[in-house]
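Trainee:
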Amino acid sequence: MTENQDEITKSIESASKHYSDEKFWEKLKKFAKKAGSSVVYAVLILYYTLQKPEVPASSKAIIIGALGYFILPFDLIPDIAVGVGYTDDLGALGLALLKIAMYVDDEVKHKAKEKLKDWFGDNVDTSDVDEKLK
40 MTENQDEITK SIESASKHYS DEKFWEKLKK FAKKAGSSVV YAVLILYYTL
90 QKPEVPASSK AIIIGALGYF ILPFDLIPDI AVGVGYTDDL GALGLALLKI
140 AMYVDDEVKH KAKEKLKDWF GDNVDTSDVD EKLK
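Everything in the sequence shown is counted per our numbering, starting at 40 for the first residue and increasing by one.
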């Protein structure tokens with residue numbers, strides 16, 4: 040693991056205490072357009088995977104940590120930084136996605152895409168995130 044991934048992993052672990060469903064939906068609704076469809080899609084996949092009862096606690100802890108990191112207003116790169124503010128969030132989310140990919144099924148992707156359509160319309164390209172999940 041690179042030094043950057045180690046930093047992200049440590050941040051994810053400490054951020055898990057900041058996660059709640061209420062904070063999650065509040066931040067996602069407020070910043071969805073600014074964060075962009077790729078970040079939102081990754082977040083939604085993690086969220087809907089978290090809801091699956093068959094996902095083991097260790098994988099749920101990874102998801103909660105990544106979503107907690109997303110919720111945090113202060114992280115490695117502040118979210119208000121124009122153009123790069125969600126880069127570290129996407130890194131944390133991507134790392135979590137890789138670790139829990141085996142639990143992401145078509146139903147989870149469908150739910151995430153449907154919610155994504157609500158905010159971004161029908162023409163959203165999710166191929167970048169979907170490719171990482173193969």
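By construction, the Cβ of each residue, glycine as well, lies at the ideal position given by its N, Cα and C atoms.
When you compare only the Cα positions, how much space is there between proline 95 and alanine 135?
Mentor: 14 angstroms
Trainee: Taking Cβ to Cβ, would you say valine 220 is nearer than 8 angstroms to threonine 88?
Mentor: No answer is possible for residue 220: it lies beyond the span of the chain, which begins at 40 and ends at 173.
Trainee: What does the Cβ neighbour count give for lysine 173, buried or exposed, with the cut at 16 atoms within 10 Å?
Mentor: exposed
Trainee: To the nearest angstrom, report how far apart isoleucine 110 and leucine 85 are at their CA atoms.
Mentor: 13 angstroms
Trainee: Assuming contact is defined by CB atoms lying nearer than 8 angstroms, are leucine 132 and valine 82 in contact in what I supplied?
Mentor: yes
Trainee: Take the Cβ of lysine 148 as the centre, count every other Cβ of all protein chains shown within 10 Å, and call the residue buried at 16 or more, exposed below.
Mentor: buried
Trainee: Spatial neighbours of alanine 120 within its chain, please: C-beta separation below 8 angstroms, excluding the five flanking residues on both sides.
Mentor: With a pLDDT of only 43 at alanine 120, under the threshold of 50, the placement of this residue in the model should not be trusted, and no figure is reported.
Trainee: Taking the Cβ atom as the reference point for each residue, do leucine 155 and valine 78 lie within a distance shorter than 8 angstroms?
Mentor: no
Trainee: Could you give the distance in angstroms between the alpha-carbon of glutamate 61 and the alpha-carbon of tyrosine 108?
Mentor: 15 angstroms
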